[in-house]
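Following: one structure in structure tokens, then a few remarks.
Number of protein chains: 2
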Amino acid sequence: MSVQERKERERADRERLIVATARELAEQQGWDAVTTRRLAERIEYSQPVLYSHFRGKREIVGAVALLGAAEMATTLRTASSAADGPRARVTALARSYLGFAERNPAVYDAMFRLDGGLVFAAEDTPEPLKDAFAAMLESLGEAAGNSVHPALFTEVFWAALHGLATLTRAGRLPPGDAEKRVELLVSRLAMM
Amino acid sequence: MSVQERKERERADRERLIVATARELAEQQGWDAVTTRRLAERIEYSQPVLYSHFRGKREIVGAVALLGAAEMATTLRTASSAADGPRARVTALARSYLGFAERNPAVYDAMFRLDGGLVFAAEDTPEPLKDAFAAMLESLGEAAGNSVHPALFTEVFWAALHGLATLTRAGRLPPGDAEKRVELLVSRLAMM
DNA sequence: TCCTGGATTCTAGCGCCGCTAGAGAACAGG
DNA sequence: CCTGTTCTCTAGCGGCGCTAGAATCCAGGA
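Residue numbers (full-length UniProt numbering), protein chains in the order written: chain A, 1 to 192; chain B, 1 to 192.
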């Protein structure tokens, strides 16, 4: 049944197109501008086609989040693998995390600020999300110190980075001292 | 002109009613449920009345945020003033901050997650926001350590608390170890 | 080559949203 | 009791997420 295979392939292509277009539109004009009508127009299909791929807008956000998580994981691993020593790895991870958030604000929002209907911190958490956390843990675990569980340390470090990323971008923190804040965070939290 | 005074008083009362009702509705059913129609119905006026007090929904969110900031400032000051010594004050501040965020999620969102059209970290930042930051600085400044500016330290500590608050509530962090995370954060960040 | 039946896609529309123009009611001051 | 202003409401605009049912397409068989 080569016909059916082709149809499935085309369907998968179109699904990727939807997700990529949603991401693109969100990065260009923010998630508020990602409406089902505009999205449908951009992919040159009618609105109901979206609903044959996803249950609703929320699931599209979730799909962008999964894509972003995979991308973030490789970004973090690339950055920390280029650093020498535990301390440098922690700094590299922090910088590349914040850099990713700054360069891809819409994807970051899809992952951590919006509701994409994804399950976090549980057994049935999707693989890309688990892997992004694992990527952080790989670099941070060795800086947890003796009496602290690496996962707990990673959670706290991650939360601090997340706070810096969101507050900075929302204009809640003065934009100038970003690098100083990273240095302070790393020097105090990391034990080595 | 007693008549005019009465009218101004009644207008101010109604404005407070709008803000309180918006807050109440948001805490009960989330900000998505706070629509201008529902809000108008609850205060027993028609929709356009809202627009004679506020430019739009965003400004109503901003008003709730200001109210919440003042409340948070007194909450934080009360908690830290009951603690003995710098270290205990930092712990008390962290716990009361997270407690406030947990007890008043909608107000917290209005302050730090939603766009209420408020200016942060600038000269024309509204007084309640400045004061809430000042309340944090009062307890945290003495734990900054020698070579770190108290304001910078407060920013980083605040960002970490904000990350913990938002990630926990969004289900991004396992709910069980919240207290352990606070302890780790305080013990590593605070210098004394 | 032409049917045909199922899969696919579209048009049209539902109830809701934030917001506003203009009609109408209310009321203070003469 | 008028009257002019000030306030409030009704009604409606365009856009939202989402969906029922009509229209179209097309693979597979006659």
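The C-beta atom is built at its ideal place from N, Cα and C for all residues, glycine as well.
Roughly how many angstroms separate the alpha carbons of residue i and residue j, rounded to a whole number?
i       : j       : result
A132(A) : F157(A) : 14 Å
E155(B) : P150(A) : 25 Å
G117(A) : S2(A)   : 35 Å
A92(A)  : R95(B)  : 30 Å
A126(B) : A73(B)  : Here residue 126(B) turns out to be Pro, not Ala, going by the sequence shown. Taking the straight line from one Cα to the other gives about 13 Å.
A110(B) : A65(B)  : 5 Å
T166(A) : A159(B) : 9 Å
L189(A) : A22(B)  : 39 Å
G171(B) : V119(A) : 8 Å
V182(B) : T168(A) : 22 Å
V148(B) : M192(B) : 13 Å
A135(A) : T75(A)  : 9 Å
A143(A) : S139(B) : 27 Å
E44(A)  : G141(A) : 47 Å
V90(B)  : Y108(B) : 20 Å
E5(A)   : H53(A)  : 17 Å
L114(B) : N146(A) : 39 Å
A12(A)  : F112(B) : 38 Å
R37(A)  : A20(A)  : 16 Å
R16(B)  : K130(B) : 22 Å
Chain B partners of residue i, CB-CB under 8 Å?
i       : result
L152(A) : D177, K180, R181, L184
Output the boundary residues of the alpha helix (DSSP H) element that contains residue i.
i              : result
P86(B)         : 86–103
T35(B)         : Taken as a continuous stretch (DSSP letters only), T35(B) belongs to no alpha helix (DSSP H), as it is neither H nor E.
Y45(B)         : Per DSSP, Y45(B) belongs to no alpha helix (DSSP H) and is neither H nor E.
V3(A)          : 2–29
P128(A)        : 127–140
residue 199(A) : The structure shown does not extend to residue 199(A), since chain A is modelled only from 1 to 192, so the question has no answer here.
H162(A)        : 150–169
M192(A)        : Neither: M192(A) is in no alpha helix (DSSP H) and is coded neither H nor E.
W66(B)         : What sits at residue 66(B) in the sequence shown is Leu, not Trp. Its alpha helix (DSSP H) spans residues 57–81.
For residue i, which residues in chain B fall below 7 Å Cβ to Cβ?
i       : result
E102(A) : Under the 7 Å cutoff, chain B gives no residues; its nearest Cβ is about 15 Å from E102(A).
V148(A) : L184
For residue i, go through chain A and note every residue whose CB falls closer than 7 Å to its CB, in chain order.
i       : result
F112(B) : R172
L167(B) : A159, H162
E155(B) : L173, R181
F120(B) : G171, R172
List the residues of chain B whose Cβ lies closer than 9 Å to the Cβ of residue i, in chain order.
i       : result
L189(A) : A160, L184, L185, R188, L189
Cβ-heavy atom distance between residue i and the ligand ADP below 7 Å?
i       : result
E127(B) : The ligand ADP is absent from the structure shown, which contains no ligands of any kind.
Contact between the region 47–54 of chain B and the region 72–80 of chain B is defined here as three or more beta-carbon pairs at a separation below 8 Å; is this criterion met? no
Flag this pair as touching only if the region 59–73 of chain B and the region 172–186 of chain A have three or more C-beta atom pairs under 8 Å; answer yes or no. no
Spell out a yes or no on whether the region 57–66 of chain A and the region 15–34 of chain A are touching, meaning 3 or more CB-CB pairs, one atom from each, closer than 8 Å. yes
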